[in-house]
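Asks: Per the numbering used here, the very first residue in the sequence shown carries number 187; after that it's consecutive.
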Amino acid sequence: MINKSLLIPSFSFLVTLFNICFYQVPLETDRETLYNKGKEICDTYTKKTFCKAFNFYRNKAFDSCYVYSSKGLLEASSKEELDLLNYIQGVSAINKRLHKKALQNFHAISNVSGFKNLKNLKLGQTHLILEDYDSAIYYYLKWNKNSKYTDVIFKKNGYHNLGLSYLHKKDYINAKKYFDKELELIHKTDTLEIITNKMELANIYYNQYKDEIAISIFKETYELAKSFSNLELKQNTSKNLAIVEKNKKNYKKSIEYYIEYSKWKDSIWNRDKIWELTERDKQFAIAQKEKKILLQDQKLKQQNTQRRNLIIGTSVLITFIGFLIYFYRKVIIKNRLITHQREELKIANKTKDYLFSVVSHDLRSPIYALKKQHKHIINQIENGNILGIKAKTNEAIAITEDTFHLLNNVLHWSLEQSNQLVFNQNTYPLRSLVEQAWNNFESIAKIKEITFHNKLNDKILIKVDKESLKIVLRNIFDNAIKYSKTKGRITVRAEIVSKNQCTIVIKDTGAGITEEKVLQINNLRDISIDKIDRSKGIGLGLLLCQTLIRKNNGILIVKSKLNKGTKMKIVLPSISAT
């Protein structure tokens with residue numbers, strides 16, 4: 187009997203999800219199932235350890251795959267992950283010759299998973315390696331029941347190993363059956379697989395003493411191997427014929443085959459020796475190169491150290507110069523700021539002094555007028571003229587109100603400028619605030635017979651500081667009455683701009699304002715001498731109005747034409763406007 191080493195190919199497998207297909211669609215193979223399931227888990231859950239193990243498996247880096255699959259098994263959260271990790275670790279264990287560990291991994295795969303066929307295929311292979319032929323046959327037959335899901339490469343491998351298992355058990359009928367099945371799947375151009383398969387078939391016949399069939403197949407494999415480049419096949423086929431001829435007592439022919447066998451064996455040895463020597467030369471060349479590189483690295487390190495020291499020194503110098511420039515610029519900016527603030531302070535002091543001179547002048551005139559009015563009242567009292575007394579008293583009241591209003595504006599402006607004005611925004615009904623502000627002017631309005639129309643809705647709520655808004659309204663009402671003729675009219679209404687904004691419109695029938703002054707009022711931002719000078723500017727009252735409205739997150743807009751009255755619009759935040 188010809189002794190021949192068992193051929194147990196080892197392949198890499200990929201993981202996919204098992205899908206049942208319709209007859210007109212090709213069935214998804216076990217390997218595709220493995221690939222797809224691994225990709226699905228990586229894409230869906232982005233588990234780093236699992237994905238690393240899976241990628242190492244696909245790239246046949248079995249050492250790394252073994253390590254990361256061990257970590258992955260500790261982190262796995264689903265049955266599919268556990269099954270897949272056990273499979274790829276089992277394959278890695280086979281490649282690392284850890285066959286008992288491989289068996290543990292394959293047995294841990296559940297029978298309901300999509301990897302059942304691959305599990306049985308690998309269990310059969312592992313038991314065959316361990317020479318447990320009964321177990322190998324058992325698992326290969328389990329796999330064979332569903333082998334339609336196995337691709338051709340794995341199927342050929344499975345049939346070949348099942349045939350080998352039966353051959354070791356001397357069950358030659360079943361051995362030939364599965365070697366024949368393998369041969370049916372081998373492509374006619376795949377010389378390596380054809381020779382390997384036919385050598386096994388020849389062994390079956392030779393072990394059954396069917397020498398004529400066996401020898402013809404041995405010779406066929408010998409002739410095929412002669413035209414093939416694989417030295418191991420040339421060696422094995424010539425050795426087989428040497429044994430056959432020896433058993434036939436044809437020693438001359440047997441020696442010829444043995445000589446050829448030795449030649450191929452020497453060729454393999456020479457090839458391996460040449461490869462070994464080449465590897466040694468390569469290692470020596472690499473060592474020399476590494477030595478040269480090491481010297482260059484040391485030289486480069488010295489250069490880099492010098493360069494680094496130069497860079498550090500330059501950087502320190504540049505940083506120092508940068509700090510000097512930075513602090514110098516800060517000093518310049520600070521000096522500019524101080525100069526600017528000094529100029530602003532001068533202007534502010536000058537404006538304040540001018541303001542008080544204006545206020546003093548404005549107070550002197552009404553006080554002098556009051557003095558004269560009191561003298562007139564005394565004369566009227568002496569004459570007993572009641573109507574005259576009443577008229578002069580009303581005039582005195584009007585002068586007093588005007589003076590009081592001026593003093594109020596000065597007080598509020600000074601408080602606002604020194605940030606002492608209490609400011610508390612809250613929600614208030616608009617109509618009520620307008621009525622409170624108008625109450626201060628009802629008596630003066632009656633004297634001039636001016637009518638007031640409040641067309642505001644009770645439901646309009648605005649978010650403001652009510653005291654500052656009252657100051658604004660009082661200034662507007664004061665100007666409206668002051669510059670309106672007898673029997674004039676003041677109207678207050680609201681325009682709803684949006685859900686969050688409300689516009690208060692105060693319209694009078696007074697003398698109106700020039701376009702130039704309207705433009706000045708709408709562009710007011712800060713106080714200056716020309717703005718509080720009544721002959722050139724617009725006065726303190728309207729400046730105070732603009733400041734307080736802006737502080738309430740609002741806008742004051744003035745529209746006016748000479749002799750046609752004035753329309754003051756105040757846009758404010760509102761809570762509800764229905």
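Built from N, CA and C at the ideal position, the CB exists for glycine as well. Owing to the predicted nature of the structure, the values given are computational and were not obtained by experimental measurement.
How would you label H346, buried or exposed, when you count the other beta carbons within 10 angstroms and need 16 or more for buried?
Replies: Within the sequence shown, residue 346 is the residue found at index 160, counting from 1. Its Cβ being crowded by 16 or more others within 10 Å, H346 is buried.
Asks: Taking C-beta to C-beta, are K341 and L371 nearer than 8 Å?
Replies: Within the sequence shown, the letter at position 155 stands for residue 341. Within the sequence shown, the letter at position 185 stands for residue 371. Yes, these two residues count as a Cβ contact at 8 Å.
Asks: Do you know whose CA, among F414, E635, N422, lies nearest N389's CA?
Replies: The count along the sequence shown starts at 1 and reaches residue 389 at position 203. The option with the nearest alpha carbon to N389 is N422.
Asks: Going by the DSSP bridge assignment, what does C688 pair with across the sheet?
Replies: Working through the sequence shown from its first residue, we reach residue 688 at position 502. Answer by DSSP bridge pairing, in chain order: I682, L758.
Asks: Under 8 Å: do the stretch 364-381 and the stretch 411-431 share three or more Cβ pairs, one atom per stretch?
Replies: As far as the Cβ criterion goes, the stretch 364-381 touches the stretch 411-431, which means the pair count is three or higher.
Asks: What is the residue span of the alpha helix (DSSP H) that K341 lies within?
Replies: Within the sequence shown, numbered from 1, the residue matching residue 341 stands at position 155. From DSSP, the alpha helix (DSSP H) with K341 extends over 338-354.
Asks: Does N416 come out as helix, strand or coil in the three-state DSSP assignment?
Replies: Counting from one through the sequence shown, the residue named residue 416 turns up at place 230. Looking at N416 - three-state DSSP - the assignment turns out to be coil, as it is neither helix nor strand.
Asks: Can you say whether D664 is buried or exposed, counting buried as having 16 or more other CB atoms within 10 angstroms of its CB?
Replies: Working through the sequence shown from its first residue, we reach residue 664 at position 478. Burial call: buried.
Asks: From E368 to Y252, what does the alpha carbon distance come to, in whole angstroms?
Replies: In the sequence shown, counting from the first residue as 1, residue 368 sits at position 182. In the sequence shown, counting from the first residue as 1, residue 252 sits at position 66. Taking the straight line joining both Cα atoms gives about 31 Å.
Asks: What's the gap between the Cα of L213 and the Cα of K305?
Replies: As a first step, residue 213 is located in the sequence shown; it is residue number 27 there, counting from the start. As a first step, residue 305 is located in the sequence shown; it is residue number 119 there, counting from the start. Reliability of the predicted coordinates at L213 is poor, the pLDDT of 43 falling under 50, and the value obtained from them is presented with this limitation in mind. Distance between the alpha carbons of L213 and K305: 19 Å.
Asks: Using three-state DSSP, classify V620 as helix, strand or coil.
Replies: Along the sequence shown, read from residue 1 onward, the residue named residue 620 stands at position 434. It is helical.
Asks: Under the rule that 16 or more other beta-carbon atoms within 10 Å means buried, what is F513, buried or exposed?
Replies: The sequence position of residue 513 within the sequence shown is 327, counting from 1. By the 10 Å Cβ count, F513 comes out exposed.
Asks: What does the Cβ neighbour count give for G740, buried or exposed, with the cut at 16 atoms within 10 Å?
Replies: Taking the sequence shown and counting its residues from 1, the one referred to as residue 740 is at position 554. Classification of G740: buried, given that the 10 Å Cβ count is 16 or more.
Asks: Identify, in the order they occur along the chain, each residue of the same chain with its Cβ nearer than 6 Å to the Cβ of H562, setting aside the five sequence neighbours on each side.
Replies: Here residue 562 is taken as the residue at index 376 of the sequence shown, counted from 1. The residues are K578.
Asks: From K328, D318, T336, pick the residue whose C-alpha is nearest to that of L353; which is it?
Replies: Translated into the one-based positions of the sequence shown, residue 353 becomes position 167. Closest by alpha carbon: D318.
Asks: Put L316 into one of helix, strand or coil per three-state DSSP.
Replies: Counted from its first residue, the sequence shown places residue 316 at position 130. L316: coil per DSSP, three-state reduction.
Asks: Report back the beta-carbon spacing between I690 and L758 to the nearest angstrom; my notes put them in contact at under 8 Å.
Replies: One-based indexing of the sequence shown puts residue 690 at position 504. One-based indexing of the sequence shown puts residue 758 at position 572. Their Cβ separation, rounded to whole angstroms, is 7 Å, which keeps I690 and L758 in contact under 8 Å.
Asks: In angstroms, rounded to a whole number, what distance separates the CA positions of L573 and L705?
Replies: For the purposes of this step, residue 573 is taken as the residue at position 387 of the sequence shown. For the purposes of this step, residue 705 is taken as the residue at position 519 of the sequence shown. Computed Cα separation, rounded: 44 Å.
Asks: Between the beta-carbon of S670 and the beta-carbon of F609, is there less than 8 Å?
Replies: Translated into the one-based positions of the sequence shown, residue 670 becomes position 484. Translated into the one-based positions of the sequence shown, residue 609 becomes position 423. In this structure, F609 does not lie closer than 8 Å to S670 by Cβ.
Asks: By DSSP, does I743 sit in helix, in strand, or in coil?
Replies: Within the sequence shown, numbered from 1, the residue matching residue 743 stands at position 557. Reduced to three states, the DSSP call for I743 is strand.
Asks: Here's the rule: buried if 16 or more other CB atoms are within 10 angstroms of the residue's CB, otherwise exposed. What is S453?
Replies: Here the question's residue 453 lines up with position 267 in the sequence shown. By the 10 Å Cβ count, S453 comes out exposed.
Asks: Work out the CA separation of A680 and K649 for me, nearest whole Å.
Replies: By 1-based counting over the sequence shown, the position of residue 649 is 463. By 1-based counting over the sequence shown, the position of residue 680 is 494. Distance between the alpha carbons of K649 and A680 is about 15 Å.
Asks: Decide if G499 is buried, meaning its Cβ has at least 16 other Cβ atoms within 10 Å, or exposed.
Replies: To locate residue 499, count along the sequence shown from 1; it is residue 313. Per the 10 Å Cβ criterion, exposed.
Asks: Beta-carbon within less than 7 Å of T695's beta-carbon, same chain only, minus the 5 sequence neighbours each way: which residues are those?
Replies: Within the sequence shown, numbered from 1, the residue matching residue 695 stands at position 509. Closer than 7 Å at Cβ, skipping near neighbours: S670, G674, R675, G751.
Asks: Per DSSP, what are the beta-bridge partners of K649 in this structure?
Replies: Within the sequence shown, numbered from 1, the residue matching residue 649 stands at position 463. K649 is bridged to T613.
Asks: Please state whether DSSP places N281 in a helix, a strand or coil.
Replies: The sequence position of residue 281 within the sequence shown is 95, counting from 1. In the structure shown, N281 sits in a helix (DSSP, three-state: H, G or I).
Asks: Tell me whether H293 sits in a helix, a strand or coil according to DSSP, three-state version.
Replies: As a first step, residue 293 is located in the sequence shown; it is residue number 107 there, counting from the start. Reduced to three states, the DSSP call for H293 is helix.
Asks: Is it right to say T491 is buried, meaning 16 or more other beta carbons lie within 10 angstroms of its own, or is it exposed?
Replies: Taking the sequence shown and counting its residues from 1, the one referred to as residue 491 is at position 305. Exposed.
Asks: So what does D694 bridge to, in DSSP terms?
Replies: Working through the sequence shown from its first residue, we reach residue 694 at position 508. DSSP lists I676 as partners of D694.
Asks: In this structure, does DSSP put K634 in helix, strand or coil?
Replies: Looking up residue 634 in the sequence shown gives position 448. In this structure, K634 counts as coil in the three-state DSSP scheme.
Asks: What are the boundary residues of the alpha helix (DSSP H) that includes T375?
Replies: Walking along the sequence shown from the start, residue 375 turns up at place 189. Run containing T375: none; DSSP gives neither H nor E here.
Asks: Work out the CA separation of R493 and F506 for me, nearest whole Å.
Replies: Here residue 506 refers to the residue found at position 320 of the sequence shown. Here residue 493 refers to the residue found at position 307 of the sequence shown. F506 and R493: Cα-Cα distance of roughly 20 Å.
Asks: Opposite L307 in the DSSP bridges: which residues?
Replies: On the sequence shown, residue 307 is found 121 positions in, with the first residue counted as 1. None, per the DSSP bridge assignment.
Asks: Using the beta-carbon count (16 or more within 10 Å), is A795 buried or exposed?
Replies: Nothing about residue 795 can be reported from this structure: the residues present for the chain run from 187 to 764 only.
Asks: With respect to the alpha helix (DSSP H) encompassing L259, which residues constitute its N-terminal and C-terminal limits?
Replies: Reading the sequence shown from its first residue, position 73 is the one you call residue 259. Residues 248-261.
Asks: For my contact list, K308 and F292 are in at a C-beta cut-off of 8 Å; report their separation, rounded to the angstrom.
Replies: Position 122 of the sequence shown, counting from 1, holds the residue named residue 308. Position 106 of the sequence shown, counting from 1, holds the residue named residue 292. About 5 Å separates the two Cβ atoms, so the contact holds.
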